Amino acid sequence: MPSAFNTLLEPDLREMLSQHDDVGVNAFCTELYPSVIAEVLEGMESERAWEVLSHAPPLRQAEIFENFPLDYQVVLVRTIPHQALSRIIEEMAHDDRVDLIGQLEPELVETLMPLIAHAERVDILKLLEYPEDSAGSLLTTDYASLPADISVQEALDRLRSQAPSRETIYYVYIVDEQRHLLGFLSLRKLILAKPTSRLSEIMLRDVKSLNVDDDREQAANEILRNGFIAMPVVDKDKKLVGIITHDDAAEVQHQEAEQDAYRQAAVAPLDDGYLETPFFTLAWKRGIWLVILLGASSLTAHVLNFFEPGDASWMVLFLPLVLASGGNAGSQSATLVVRAISQNETKGQARRIAWREIRIGTVLGTVLAVIAFSMAWLLLWRGDYASTVGLTVFAVVGFGTFFGAMLPLGLDRIGVDPALMSNPLIASLSDMLGVVVYYSVAHWLTAGTV
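Under the working numbering, the first residue of the sequence shown is numbered 108, with each subsequent residue one higher.
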């Protein structure tokens, strides 16, 4: 659905292009916010979008280009002359340009690299070395750093020259000659300090930092949990190699939440939007999980066949109730624990979580068992049948609650994404357990008549 900006501005922009109104197109590129310009251009053909962008200087082109979604950037790249594209890449934020280059064909990258300034090329190649799932893949080298032995006045003078090319200067990092991280200062503290004070006298030495090899999701959570605008990233020798900004951390958390939501629904995560994903790719990502769940569900049929009940038609009436109770309880626990894992709340807390879920399962199981017993009694008027239903509900809710929490923790312990323990998979495993418990309790309470 076209946005208000597209509806209002795109017709005028197309008319300016058709009339070769260079003054008007130039004004469009300079007077509006980059995000607004990008939103309008995204609705146009890539050739037309570049025709508009070409009216802006390289720095402005980069500001607008960065606001396009990554998939549209890749499409637009094909229409931009290589020399112009290299200038845009030089002006882009360091982390954004690395993301773009990582999506381009190797042949195009080989063509572009010699056209990019040497210092920028070295920076790009260095950032590309970091694994995609590491904190290093998120960092930018656009940060402000100063030595410890200069005065506040000299620091402010140096910052004025650094600021135009830095992504953020709210935090200033203090380093030695080998770039070991010694401390940091906020811009506010620097401005309020005496001009003659040395940075070594006023800097904060207790610096929270990330390592380049840290998991990217954990790094993002650390930044967001502490409310930092940015966090420094160091290597194994404690040398400052870059920073990760708050907006990049928020983007990672959004991406991870999306992927977890897909996995919880038993769908392999999509690389693109729902409508942009090719038909057969979408069918595969959904179908592979449905096949797995079908196999898990077939185990329930095998269990039913194994028990081969005789006169047990009454049990069929309450089978959906029994299975749903356990599956729902397990899915609740799994969802809560997967979320807690993503927030780093579970480290070293397995026993506490287990005991907590046992107690919750007992309480919930008791309440639901009483309700289920009453429903079965009113319908069947048989104490043994009603007791079978009630005891089974108590057991499956208790087991479902416990295992729904423990299975994601177990996967996380062995290094597997706990979100793979999807709600449908939990439900399938709970169904199999529910059938076993249901028929076992019925056999026991009805003196073997089932």
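All C-beta atoms, glycine included, are put in the ideal place defined by N, C-alpha and C.
Note that the structure is a prediction, hence the values are computed from the model and not measured.
Looking at the structure shown, is residue i part of a helix, part of a strand, or coil, going by DSSP?
i      : result
Tyr278 : strand
Leu139 : coil
Met199 : coil
Arg295 : helix
His287 : strand
Val319 : coil
Ser304 : coil
Ile257 : coil
Lys346 : strand
Leu430 : helix
Pro339 : strand
Ser161 : coil
Ala224 : coil
Ile351 : strand
Thr473 : helix
Leu246 : coil
Leu311 : strand
Ser537 : helix
Are the beta-carbon atoms belonging to residue i and residue j less than 8 Å from one another?
i      : j      : result
Met338 : Ala255 : no
Glu274 : Ala226 : no
Gly541 : Val429 : yes
Ala156 : Leu183 : yes
Ala483 : Val496 : yes
Trp421 : Leu487 : yes
Ile336 : His361 : no
Using 8 Å for Cβ pairs, my map puts residue i next to residue j. What's the rounded Cβ distance?
i      : j      : result
Glu117 : Val147 : 6 Å
Ala502 : Val544 : 5 Å
Tyr63  : Glu149 : Nothing about residue 63 can be reported from this structure: the residues present for the chain run from 108 to 557 only.
Ile208 : Gln168 : So it is not a contact: roughly 17 Å between Cβ atoms.
Ala326 : Leu245 : 7 Å
Leu289 : Val279 : Not quite, the Cβ-Cβ distance comes to about 12 Å (not below 8 Å), so this is no contact.
Asp344 : Ser241 : 17 Å between Cβ atoms; not a contact.
Ala441 : Pro515 : 6 Å
Could you tell me the distance, in whole angstroms, from the CA atom of residue i to the CA atom of residue j?
i      : j      : result
Val470 : Thr508 : 11 Å
Gly433 : Ser537 : 6 Å
Gly511 : Ala436 : 8 Å
Leu139 : Ala145 : 10 Å
Asp202 : Met539 : 48 Å
Ala364 : Leu347 : 29 Å
Glu197 : Glu464 : 53 Å
Asp524 : Gly517 : 10 Å
Val259 : Ser438 : 57 Å
Ser193 : Lys296 : 38 Å
Ala476 : Trp462 : 21 Å
Ile533 : Ser547 : 21 Å
Ile257 : Asp128 : 52 Å
Leu294 : Tyr277 : 5 Å
Asp519 : Glu324 : 13 Å
Glu329 : Ile187 : 38 Å
Measuring alpha carbon to alpha carbon, tell me which of the options ends up nearest residue i.
i      : options                        : result
Ala262 : Ala300, Glu239, Asp342         : Ala300
Phe135 : Glu154, Leu160, Met151, Ser153 : Leu160
Glu173 : Met151, Gln190, Val143, Glu158 : Val143
Quick check on residue i - is its C-beta less than 8 Å from some C-beta in chain D?
i      : result
Leu124 : Annotation note: the requested chain D is absent from the structure, which comprises a single protein chain.
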